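This report refers to the structure that appears directly beneath it.
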Amino acid sequence: MKKKPFAFRISESTYQTLKRKANRGRVTMTEFLERAITDKEIVLVDGIQELISELKAIGRNLNQLTTLANMGKVDAVYLAETKAQLSGIYEKLSALCEVNR
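Each residue of the sequence shown is one higher than the one before, starting from 1 at the first, in this note's numbering.
Below is the structure:
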């Protein structure tokens, strides 16, 4: 539980830099600064957001198919294309991991 407030002054340009980096990492400025101060690793992977969007789209489609199947509106589903998409995402993710080592 965080109870102790802490404040300090910085220039506008430094503030904007911190804000931009925290936004890129999808964390609050407080969390970003805590990680930086305590030497916790901060990892930003360019290109990951595209993969996340693709995975979310596939997940939504699978949920819709499951709902339709449970309603009895779908008897069979051909998932070869979905499997190929997931394989492509896995390959892209593997390449991103190699680049960021």
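From the three backbone atoms N, C-alpha and C, an ideal C-beta is built for every residue, glycine too. From a predicted model like this one, the values you see are computed outputs, not experimental measurements.
Cα-Cα separation, residue i to residue j
i: Q49; j: N23; result: 13 Å
i: K2; j: E31; result: 11 Å
i: F6; j: V43; result: 25 Å
i: Y90; j: K4; result: 43 Å
i: L93; j: V45; result: 10 Å
i: A36; j: Q16; result: 16 Å
i: M29; j: M71; result: 46 Å
i: K56; j: E12; result: 36 Å
Proximal residues to residue i (C-beta, below 8 Å), its chain only, five neighbours per side dropped
i: S87; result: none
i: K73; result: none
Span of the alpha helix (DSSP H) around residue i
i: F32; result: M29 to I37
Indicate whether the contact test is met: 3 or more Cβ pairs, each with one atom in the stretch 77 to 91 and one in the stretch 55 to 67, closer than 8 Å.
yes
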